[in-house]
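Trainee:
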């Protein structure tokens, strides 16, 4: 039962990536559908073999494999979803989807850190960050995106994200005399 609580806690924390995450998702049941499941009780590890689909409210994680375990000599719980790519999606409170994808989506509960490794992408409202690795500390709301070699971190920000949320109208520019 502890391992199921570990999985649930990790999945619930993953949804808190954005402050505008849909809080009602946290009240929904977690359903994990997989082709098979293996539990290594002695080593405190459970593996769901895929395709794997995890759902909770509007949250959906798709992966080839999902592992939940504790590091040796540590109390730090870790969830790892792998795929080509593994994906995470959620409908935010504003009704718009947010998504992440990578070859590996790793969540460390003790540090509340989500790490996307290999072809990593985070996207919300058309804005996007891509790189070889993206690390996001949920509690501190800090994001670090990195690439290796000649690859570059790419950030695309849509203009609407810069707009003021107030209903103020843009001021009309005075006409120049000719």
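Residue numbers (mature numbering (1 follows the signal peptide of the UniProt record, and there is no 0)): -20 to -1, 1 to 158.
Quick reminder that beta carbons are idealized off the backbone N, C-alpha and C, glycines included.
Treat the numbers as computed from the prediction; the structure is a model and nothing was measured.
1) Check whether the region 73 to 88 and the region 52 to 64 are in contact - that is, three or more C-beta pairs closer than 8 Å.
2) Count the other CB atoms, across all protein chains shown, that sit within 10 Å of the CB of residue 15; report buried if there are 16 or more and exposed otherwise.
3) For residue 166, count neighbouring Cβ atoms within 10 angstroms of its own Cβ and tell me buried if that reaches 16, exposed if not.
4) Out of 109, 30, 69, 46, point me to the one whose CA is closest to residue 86's CA.
5) Keeping to the same chain, check which residues put their C-beta closer than 6 Å to that of residue -7; ignore five residues upstream and five downstream.
6) Classify residue 57: buried if its beta carbon has 16 or more other beta carbons within 10 angstroms, exposed otherwise.
7) Taking the alpha-carbon positions, what's the residue 139 to residue 100 distance?
Mentor: The relevant details are as follows:
1) yes
2) The count along the chain shown starts at 1 and reaches residue 15 at position 35. Exposed, since its Cβ has fewer than 16 Cβ neighbours within 10 Å.
3) Lying outside -20 to 158, the shown extent of the chain, residue 166 is not represented and no answer is given.
4) To locate residue 86, count along the chain shown from 1; it is residue 106. Looking at the Cα atoms, 46 is the closest of the given residues.
5) Position 14 of the chain shown, counted from the start, is the residue given in the question as residue -7. For residue -7, the predicted structure reports a pLDDT of 43, less than 50, and the residue's modelled location is therefore unreliable. A value from the coordinates is still provided. Correct list, in chain order: 87.
6) As a first step, residue 57 must be located in the chain shown, where it is residue number 77. Result: buried.
7) As a position in the chain shown, residue 139 is number 159, starting the count at 1. As a position in the chain shown, residue 100 is number 120, starting the count at 1. Those two C-alpha atoms are separated by around 23 Å.
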